[in-house]
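The numbering of the sequence shown is the working numbering, which starts it at 849 and goes up by one.
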Amino acid sequence: MAEDTEAITGCVKIVNEKLDDDELDFQITEDSSFKDLMEFYAERTGLPTCHLRFYFNGKRLTYEMTPKSLNMEDDDIIEVFKEQICGNSSS
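Structure below.
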């Protein structure tokens with residue numbers, strides 16, 4: 849009897865140098881979307897996902913992307929940045 853299992857990639861490391869110099873190791877299957885990872889990170893930092901930007905090799909990640917679609921390898925790093933909104937103040 850063959851088991852129906854998905855391969856687990858090695859750790860995908862999330863680095864957030866801008867917020868708190870914290871790193872988070874996260875395991876994800878190669879065909880899983882990044883949605884759960886993004887939501888977990890947002891919950892952990894207390895920020896809404898709409899205020900966070902996730903990047904891999906300079907490309908912004910979306911919920912639908914997967915490690916497989918980006919040809920990610922074990923221990924690859926996803927960078928995350930807090931959205932910054934600039935504006936003018938009228939004086």
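Even glycine gets a Cβ: it sits at the ideal position worked out from N, Cα and C.
It should be emphasised that the depicted structure is a prediction, and the values quoted were computed from it without experimental measurement.
Proximity to proline 909 [Cα-Cα], best of Ile926, Gln875, Thr893, Leu895: Per the sequence presented here, residue 909 reads as leucine, with proline not at that position. The shortest C-alpha separation from leucine 909 is found at Ile926.
Beta-carbon within less than 6 Å of methionine 913's beta-carbon, same chain only, minus the 5 sequence neighbours each way: which residues are those? Phe882
How far does the beta strand (DSSP E) with glutamate 927 in it extend, from its first residue to its last? 925-930
Along the beta strand (DSSP E) that carries phenylalanine 888, what are the first and last residues, could you check? Note, phenylalanine 888: premise wrong, no beta strand (DSSP E); alpha helix (DSSP H) at 883-893.
Taking 7 Å as the limit between beta carbons, can you name the residues of its chain near alanine 890, skipping five residues before and five after? Pro896, Thr897, Leu900
Can you give me the C-alpha to C-alpha distance between proline 915 and asparagine 905, rounded to a whole angstrom? 12 Å
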